[in-house]
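A short write-up of the structure that comes next.
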Amino acid sequence: MKIRYRTSLALFFLMVPLLFVSLTIYNSRGCDQLVIDSYEVHGSIDIPEIISADCQFDESNQVRITTFKLRNSLKSKSFRKINAGDAFKELKAIHLLDTRHIPDDQQVLIHTGKSYTNEFTFIYDPASKMLIAEIRY
54 MKIRYRTSLA LFFLMVPLLF VSLTIYNSRG CDQLVIDSYE VHGSIDIPEI ISADCQFDES
114 NQVRITTFKL RNSLKSKSFR KINAGDAFKE LKAIHLLDTR HIPDDQQVLI HTGKSYTNEF
174 TFIYDPASKM LIAEIRY
């Protein structure tokens, strides 16, 4: 009986911090903390090592958009091909980005989705290893 009680108590104390960290990552909105982790959780993708990142948060519209320059290629199984011009129309915070380096007629990869609390869009240019990630809260 004591062993079962101790095991249950130990599991409880292990699960509480894990739940707290998971919810912190999931609910992270601004650009101050856990930006990569929250994109990975929301979009179910694995963002490889980055060279640089530029994050912008539009508080009035509750949209965070980040441009990542990746060191390695992104695994893009859940992405589909689309013209960059059409992909950019999916972004709500496009006004926060400089997209001149990707021509509108260039083929890029896009991954979109939504949950009960947010929507996300990922646009990946394999040629430049540039990833644009947006979450709308």
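Quick note on numbering: our numbering labels position 128 of the sequence shown as 181, and the sequence is numbered without any gaps. C-beta atoms are modelled at their ideal positions from N, C-alpha and C, and glycine is treated no differently. Because the structure is a prediction, the values reported are computed rather than measured.
Counterpart residues of residue i in DSSP-defined beta bridges
i: C108; result: T119
i: E187; result: I118, T174
i: I98; result: Per DSSP, none; premise fails for I98.
Exposure of residue i, with buried meaning 16 or more beta-carbon neighbours within 10 Å
i: I188; result: buried
i: H164; result: buried
i: S113; result: exposed
i: G96; result: buried
i: Y169; result: exposed
i: Y192; result: Summary: the structure shown does not reach residue 192, with the chain confined to residues 54 through 190, and so no result is reported for it.
i: L184; result: buried
i: K167; result: exposed
Residue from the options whose Cα sits closest to the Cα of residue i
i: I155; options: S126, F141, E93, R124; result: F141
i: A146; options: V94, S91, S126, Q115; result: Q115
i: S129; options: K167, P101, D90; result: P101
i: A180; options: C84, G138, E143, Q159; result: Q159
i: R153; options: G166, L162, G138; result: G138
i: F173; options: V161, A186, R124; result: A186
i: L127; options: V161, L144, H148; result: V161
i: K182; options: L150, R124, Y190; result: R124
i: L150; options: C84, D90, C108; result: C108
Supposed contact pair residue j and residue i - C-beta distance, whole angstroms, cut 8 Å
i: F132; j: Y177; result: 6 Å
i: A106; j: V94; result: The Cβ separation is near 17 Å, so there is no contact.
i: I98; j: F175; result: 7 Å
i: I135; j: F121; result: In fact, because the Cβ distance is near 19 Å, the residues do not count as touching under 8 Å.
Any non-hydrogen atom of the ligand ATP closer than 7 Å to residue i Cβ
i: D158; result: In terms of ligand content, the structure shown is empty, and the ligand ATP therefore cannot be addressed.
| Which runs of the alpha helix (DSSP H) fall wholly inside the stretch 120 to 185 and span at least 4 residues, in chain order? | 137 to 141
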